[in-house]
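Under the working numbering, the first residue of the sequence shown is numbered 100, with each subsequent residue one higher. Just so you know, even glycine gets a beta-carbon here, dropped at the ideal spot from N, CA and C. Note that the coordinates shown come from a computational prediction; the quantities given were computed from them, not determined experimentally. Encoded as structure tokens, the structure appears first; notes follow it.
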Amino acid sequence: MNFEQWFKERTSRFERLLLVSVGAMLVVLLVSQALLTQPVFRQIFSLVERLEGNAYTPAAPIKLPAVPAQLSHQLILKVISGDASGLQVRVNGKTAAVFSQSGSVMLEVQDGDDLEVYGTDVSQIVEIKVTEVSAGLISPARGKTVTYFGRPETISWVVAGERR
Numbered sequence: 100m101n102f103e104q105w106f107k108e109r110t111s112r113f114e115r116l117l118l119v120s121v122g123a124m125l126v127v128l129l130v131s132q133a134l135l136t137q138p139v140f141r142q143i144f145s146l147v148e149r150l151e152g153n154a155y156t157p158a159a160p161i162k163l164p165a166v167p168a169q170l171s172h173q174l175i176l177k178v179i180s181g182d183a184s185g186l187q188v189r190v191n192g193k194t195a196a197v198f199s200q201s202g203s204v205m206l207e208v209q210d211g212d213d214l215e216v217y218g219t220d221v222s223q224i225v226e227i228k229v230t231e232v233s234a235g236l237i238s239p240a241r242g243k244t245v246t247y248f249g250r251p252e253t254i255s256w257v258v259a260g261e262r263r
């Protein structure tokens, strides 16, 4: 028996078998890729799709109207010395109270308000003290004193919150 003849026969059959199997694999690859474009087949063939499950679509956010939660706080100002009959207390530039004969005023304020003492016909120096503040007010602190010399004087910016 001739080895070369035997080897050629065997290798030509093997080459033919390899070419047919490569062609069959290409056909299987093309068909499977075409089927993966369909969601039903993708769920069956793809392991990733099976593990992922259904796509999540978030619900539309609920829109609520914004309501600012401004808490009112109270404070009491009292004249310590001088005549304050013409003095006004302004909150954010608007007259909130006028000192009377009693010499004290009570104010409703909110966080961020600007407190000022203002007057036009005051002839002497007037001292004003913050005598009472409601719970939750950091500034102006109880006991703060402001001296008025005839021109607008800032008492304090109102700061509300918890003390640290």
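In the three-state reduction of the DSSP assignment, Glu261 falls in the coil class. Using a 10 angstroms sphere on the CB of Asp182, the tally of other CB atoms stays under 16, which defines it as exposed. The three-state secondary structure of Gln173, taken from DSSP, is strand.
Residue pairing for Asp213: DSSP places it in a beta bridge opposite Trp256. Annotation: the continuous alpha helix (DSSP H) that includes Ile143 extends over 138 to 144. Contact between Arg241 and Thr230 holds, since their C-beta atoms are separated by about 7 Å, short of 8 Å. The bridge partners DSSP lists for Tyr247 are Val225.
Closest in alpha carbon position to Val225, among Val178, Leu129, Val204, is Val178.
When C-alpha distances from Val190 are compared across Phe198, Gly260, Val216, the shortest belongs to Val216.
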